[in-house]
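A short worksheet on the structure shown next.
In the UniProt record's numbering, the protein residues as written are 1 to 231.
Rendered as structure tokens:
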């Protein structure tokens with residue numbers, strides 16, 4: 001019952017690979033967006049916030065379809081990407097992009113709250129000592145918000161690990177290439193005798209998700225204690 005076969009292991013490792021890549025490619029954009037929303041004052045801030053969080057309220061299939069229309073082989077940017085050797089549709093790299101888009105709002109939300117929790121007086125104090133804006137960010141804001149950045153990354157990773165709708169719409173369900181844990185579970189539920197395989201992968205997904213959430217709680221508490229010690 002609990003012996004994973006080769007196809008199941010392939011789906012697990014592919015899911016982990018896609019989730020890790022999705023988190024890494026989102027990270028610099030997530031930090032920049034979170035800091036801009038937490039500290040910035042500029043026209044269109046509410047619009048930017050809405051666009052960032054749009055994948056949370058849109059059906060995942062809609063997000064996947066939009067990615068297909070934009071980045072697919074016949075999409076708006078597809079031919080250009082293909083001309084420079086980048087093909088995303090029906091590839092694991094496309095799955096990583098879809099997972100990154102779906103996990104991005106969770107990442108930005110956690111990071112924004114962490115940046116907002118940083119005492120502005122500490123940033124101002126660094127400024128009075130001669131630190132410019134970028135130096136204040138890297139020496140004060142970023143280190144103090146680091147636990148929140150870790151939490152946001154973990155949440156995005158967990159979301160990417162369980163993503164299904166956007167992924168299957170954009171890159172389909174190809175075993176060994178784009179078939180993640182979620183897609184494999186869906187496939188096993190559609191074939192006779194696949195219930196045991198679906199159950200095994202479900203247990204694996206639950207264990208990984210719980211571990212990620214537990215880790216995010218630990219880092220969040222560490223961040224709260226760190227900020228409290230500076231007040």
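Note that the Cβ used here is the ideal one computed from N, Cα and C, for glycine as well.
From residue 91 to residue 174, what does the alpha carbon distance come to, in whole angstroms? Working through the chain shown from its first residue, we reach residue 91 at position 91. Working through the chain shown from its first residue, we reach residue 174 at position 174. Going by the C-alpha atoms only, they are around 9 Å apart.
Same chain, Cβ closer than 8 Å to residue 212, five either side skipped, listed in chain order: As a first step, residue 212 must be located in the chain shown, where it is residue number 212. Once the five neighbours on either side are set aside, the close Cβ partners of residue 212 are 154, 155, 157, 158 and 161.
Inter-residue spacing [alpha-carbon to alpha-carbon] between residue 127 and residue 136: Numbered from its first residue, the chain shown carries residue 127 at position 127. Numbered from its first residue, the chain shown carries residue 136 at position 136. C-alpha separation (whole angstroms): 7 Å.
Is it buried or exposed for residue 257, if we count other Cβ within 10 angstroms and need 16 for buried? Nothing in the structure corresponds to residue 257, since the chain is present only between 1 and 231.
When DSSP labels each residue in this structure, what does residue 147 get in the three-state scheme? Stepping through the chain shown from its first residue, residue 147 is reached at position 147. Helix.
Residue 180 and residue 163 closer than 9 Å at C-beta: Here residue 180 corresponds to residue number 180 of the chain shown, with the count starting at 1. Here residue 163 corresponds to residue number 163 of the chain shown, with the count starting at 1. The answer is yes: Cβ separation under 9 Å.
Burial state of residue 217, where buried means 16 or more other Cβ atoms lie within 10 Å: Numbered from 1 along the chain shown, position 217 holds the residue referred to as residue 217. Residue 217 should be labelled exposed.
Coil, strand or helix - residue 207 by DSSP: On the chain shown, residue 207 is found 207 positions in, with the first residue counted as 1. Residue state, collapsed to three classes: helix.
Do residue 115 and residue 141 have their CB atoms nearer than 9 Å? Locating residue 115 in the chain shown gives position 115, counting from the first residue. Locating residue 141 in the chain shown gives position 141, counting from the first residue. A contact, by the Cβ cut-off of 9 Å.
Using CA atoms only, rank isn't needed, just tell me which of 7, 198 and 4 is closest to residue 186. Counting from one through the chain shown, the residue named residue 186 turns up at place 186. Taking only the C-alpha atoms, the option nearest residue 186 is 198.
Where does residue 83 land, buried or exposed, given buried means 16+ other C-beta within 10 angstroms? Taking the first residue of the chain shown as 1, we reach residue 83 at position 83. Residue 83 comes out exposed.
Buried or exposed, going by whether 16 or more other CB atoms sit within 10 Å of the CB of residue 193? The residue labelled residue 193 in the question sits at position 193 within the chain shown. Flag for residue 193 reads exposed.
Residue 251 and residue 222: beta carbons closer than 9 Å? In the structure as shown, the chain begins at 1 and stops at 231. Residue 251 is therefore absent and cannot be evaluated.
Which whole-angstrom value is the C-beta distance of residue 103 and residue 26, which I expect to be below 8 Å? Stepping through the chain shown from its first residue, residue 103 is reached at position 103. Stepping through the chain shown from its first residue, residue 26 is reached at position 26. So it is a contact: roughly 6 Å between Cβ atoms.
According to DSSP, simplified to helix, strand and coil, what is residue 141? Locating residue 141 in the chain shown gives position 141, where the first residue counts as 1. Note: residue 141 maps to helix in three-state DSSP.
For residue 24, which of helix, strand or coil comes out of DSSP? As a first step, residue 24 is located in the chain shown; it is residue number 24 there, counting from the start. Helix, per DSSP.
Taking 9 Å as the cut-off, decide whether the C-beta atoms of residue 22 and residue 52 are in contact. Reading the chain shown from its first residue, position 22 is the one you call residue 22. Reading the chain shown from its first residue, position 52 is the one you call residue 52. Contact flag unset, no.
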